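Below: one structure, written as C-alpha cells.
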Amino acid sequence: MAVQISPSILSADFARLADEAARVAGVADWLHVDVMDNHFVPNLTLGLPVVEALLKAVSTPVDCHLMIEDPDRWAVGYAEAGAKSVTIHAEAAKAPVRTLRAIRKEGARAGFALNPATAVDAYEDLLPEIDMLLLMTVEPGFGGQPFLDGVLPKIRRARQLVSKHGLEVWIQVDGGVADETIERCAEAGADVFVAGNAVYGRDDPAEAVRALRALAEGA
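Reading the sequence shown from the start, the letters are residues 1119 to 1337 in the numbering used here.
Rendered as C-alpha cells:
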C-alpha cells in the first residue's frame, strides 16, 4: 500500500484557499475538500461554485468529501467540474450504485464514506463499485475532534474485506489524524490519510505533510 496524504482545507484560511493549497503543492497527494450543507451534518462550509473556482487555481488533485443530503443529485457535478475523487456517504445516498457509477463515468474516483457507527460488513457487496472507502474516525461535521480509537477494528475489517475480494480499493481515514494517531491507522490497514489541523495548524504545512508520511510509511 502506497501512503497518500490529503490535507483538509477545512482547517485552512478560507479567505486564502488558493494560497493555502499552494503551501502543500508538490508534497501532498490530494487536497481534501469537505462539502457540508448544515443538514446531513450540523455545519456549513462551501459548495460547488467555490470548488469550481478552487479547481482552476490549484495543481494538486482535489478530493471532494460530500457530507450533504441527497448526494445522488449533486455528486456528479463535482466530478464534471474536475474533482479527481468524489466521496458520498452511505447514510445519505439513496441510490449509491447508480451514483458511484456516474462519478466513475465522469473520470473521477468514486468514494464511499461510513460514519463511525456504520458497520462496514453491510456494504461488502458494494466494494467492487468503489475506488476508495472512507472510514470516519470522528463524527462528521467539524474539524479538530479527538480521534476515535474504536474505529481501528473497522479499519482492519475493511482491509480484510478488500483483500478477500482481491480489490484495489483505497482505505481512507478522516478525523483526528495526527502524529500521535497516523501510525495506528496505517498499521490497521489505512493507506490514505486526511489531516486538517495536523497540517494547517503548523507553521510549515509542507513539512507537516512530510512528517505524517514518514510516520505512516514506518508503521
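Think of the CB as a built atom: it goes at the ideal place given N, C-alpha and C, for glycine as much as any other residue. Being a predicted model, the structure only gives us computed values, none of them experimental.
Roughly how many whole angstroms lie between the Cα atoms of Gly1229 and Asp1321?
-> 31 Å
Three-state secondary structure (DSSP) at Arg1328?
-> helix
Of the residues Leu1162, Val1310, Ser1203, Ala1175, the one placed nearest Ile1186, counting alpha carbons only = Leu1162
Verify whether the separation of the beta carbon atoms of Ala1226 and Ala1208 is less than 8 Å.
-> no
Roughly how many angstroms separate the alpha carbons of Asp1147 and Phe1311, rounded to a whole number?
-> Asp1147 and Phe1311 have their C-alpha atoms spaced approximately 10 Å apart.
Give the C-beta separation of Ala1173 and Ala1140 to the nearest angstrom, bearing in mind that I take them to be a contact with Cβ-Cβ under 8 Å.
-> Note that residue 1173 is Leu in the sequence shown here, rather than Ala. No, Leu1173 and Ala1140 are not in contact; Cβ-Cβ is about 14 Å, not under 8 Å.
Where does Asp1239 fall in DSSP's three states?
-> helix
Residues that DSSP places opposite Ile1221 in a beta bridge = The bridge partners DSSP lists for Ile1221 come to none.
Between the CA atoms of Asp1243 and Asp1249 - distance to the nearest angstrom = 14 Å
In terms of residues, what are the limits of the alpha helix (DSSP H) holding Ala1306?
-> 1300-1306
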